[in-house]
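The opening residue of the sequence shown carries number 1 in this note's numbering; numbering runs sequentially from there.
The structure under discussion appears below in the form of structure tokens.
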Amino acid sequence: HIGVFGKTGSGKSVLAKMMMLGYARHKNMSIFVLDPQGEFSKDISNGAPVKDILEIKLSKNVKVYNLHNLVLTGWDLFKRILVNSGFFDRLGIYHENNKMQAANEVQRALRGGRRRAQSQMTFGTSSQSGNREIPPYKAYERASFDRIWTALGDDQVQARIYTSRDTRDRLRSTYDNSDPDEFYELWKQVANLFRFEGRGRAAKIADLVKKIGEENGNIIIIDLSETNVPEEIFWNDSIKFIVIGEFLDRISREAERKYKENSLLNCLVIIDEAHRLAPREKPESEDLERVKNILIDAVRTTRKYRLGWMFISQTLSSLDREIINQIRIYIFGFGLAWGVELQALKEIIGGQKEAVTLYQMFRDPQSGLGEREYPFMTVGPISPLSFSGTPLFFTALEYPDEFLKINFGRGGDSDG
């Protein structure tokens, strides 16, 4: 596992891109990038030299997916996202347990459960079309919403959401005074996350994860940046954590599945802004805590599956300690030379006082007016000095022109 650390502007993300290109030389290796800021996605845009290098010189199949074509699936995800969307809060359902019960009632209505029960009581008088199940990918339709809205107004349904009469009366009052059209607009934004129709290159999470197990080695980048959110979908941090958690969980399970079949995944997962996904402190959000726990379990167990992780983080002190302890290759850019960051750095490199002194001499790459240089210190088996535990210092090549010319005989704008 790899950790690349440094403050904003230290060049850590650029170095991580160069390392990604280095790993891409391995023909059968897949690379999966979770890109919450769009850093990697921009470099793989059409016409970018990096994309040509990966596809033409390294014969990699490179795909970038974002919220315009990422399709979620399954009732469990649907309910969790609906609960986190604020839909039930608008109805005055605030407690998590009650919101989840309401989500269960929504699922029940869409699956036709309530109508089936009615048809049995009335000797099959309900029409067959009324009983049909509506899958999550059809939930965006107005008829789907009308069915769940009617269900939420049913006295028996409200009694299952709230057991006390006072809270049921409050729910009834809120429901009766609500505008269904306004609720449908929010419902549609949530349901559009599960919609296939009208989505170019629509892709399910499960299918994307399976691609990283293919022999030829794919590079898949998931762009979850806020600037790329379609207007017609509902998106917030909580839902982002749910989606990221789903990706991470499926990747870990795919690696375990292949291992049990006497195969290995051979994949590197790159996670930008890792300190936000695995903070050292206990997260307030249950969805973020799930992401953190999946990552901690993964770094402990997936190395034997040939599944590696690269964590890109602005800080050392705020990233979970267990993840830091499992990293074998550490790379430190500018910005960790003071306070708690320096203390965390010293804990990793031990008693290397001269190395610490040299690291503290790093200049901020953004402070100069001339050509910028990006210095780094690395510890671990990536360094030829690793046998002695001595850190290696280097200055990164200028990216992309100098890096591509030296490694691939090509400049950033034209062939070298």
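Glycine included, C-beta positions come from ideal geometry on N, C-alpha and C.
Under 7 Å between C-beta atoms of residue i and residue j
i	j	result
Tyr259	Arg195	no
Gln101	Ile161	yes
Leu67	Lys60	no
Val64	Ile312	no
Asp249	Ile294	yes
Val190	Phe234	yes
Ile222	Leu34	yes
Asn84	Ser238	yes
Glu232	Asn192	yes
Arg300	Asn266	no
Asp252	Ala203	Before going on, a small fix: residue 252 reads as Ser here, not Asp. Not a contact, by the Cβ cut-off of 7 Å.
Residue range of the beta strand (DSSP E) that includes residue i
i	result
Phe196	It is not in any beta strand (DSSP E) - Phe196 carries neither H nor E in the DSSP assignment.
Ser313	Leu307 to Ser313
Thr378	Pro375 to Val379
Ser30	Ser30 to Asp35
Phe5	Ile2 to Phe5
Lys63	Asn61 to Tyr65
Ile161	First-last for Ile161: Asp155 to Ile161, but that is the alpha helix (DSSP H), not the beta strand (DSSP E).
Which of helix, strand or coil DSSP assigns to residue i
i	result
Ser127	In this prediction, Ser127 scores a pLDDT of 39, lower than 50, which makes its location untrustworthy; the coordinate-derived value is nonetheless stated afterwards. Correct three-state label for Ser127: coil.
Leu264	coil
Met19	helix
Pro135	coil
Asp52	helix
Ser13	helix
Pro365	coil
Ile221	strand
Val229	coil
Assumed close pair residue i, residue j - CB separation to whole angstroms, cut-off 8 Å
i	j	result
Gln156	Arg168	About 11 Å; that fails the 8 Å criterion.
Gly38	Pro136	The pair is not a contact, with the Cβ atoms about 27 Å apart (cut-off 8 Å).
His1	Trp309	5 Å
Gln352	Thr390	7 Å
Leu152	Glu105	7 Å
Pro283	Val50	Contact flag wrong, Cβ pair sits at about 34 Å.
Val269	Phe32	5 Å
Residue i: first and last residue of the uninterrupted alpha helix (DSSP H) it sits in
i	result
Val340	Gly339 to Ile349
Ile242	Asp237 to Lys260
Tyr175	Arg165 to Asp176
Asn97	Glu96 to Leu110
Leu392	Not the alpha helix (DSSP H): Leu392 falls in the beta strand (DSSP E), residues Leu392 to Thr395.
Tyr359	Lys353 to Gln360
Ile382	Counting along the chain, Ile382 falls outside any alpha helix (DSSP H), and DSSP gives it neither H nor E.
Ile81	Trp75 to Asn84
Buried or exposed (CB count within 10 angstroms, at least 16 for buried), residue i
i	result
Gln343	exposed
Pro365	buried
Phe376	buried
Ser367	exposed
Asn262	exposed
Lys27	exposed
Arg276	buried
Thr122	Only weak support exists for where Thr122 lies, its pLDDT of 37 falling under 50; the value from the coordinates is given anyway. When all chains shown are included, Thr122 counts as exposed.
Ser127	Residue confidence for Ser127 is low, a pLDDT of 39 falling below 50, so the modelled location carries little weight; the figure read from the coordinates is stated next. By the 10 Å Cβ count, Ser127 comes out exposed.
Val340	exposed
Arg165	exposed
Ile205	buried
Thr125	Model confidence at Thr125 stands at a pLDDT of 35, short of 50, so the residue's coordinates are unreliable and nothing is read from them.
Gln360	exposed
Pro36	buried
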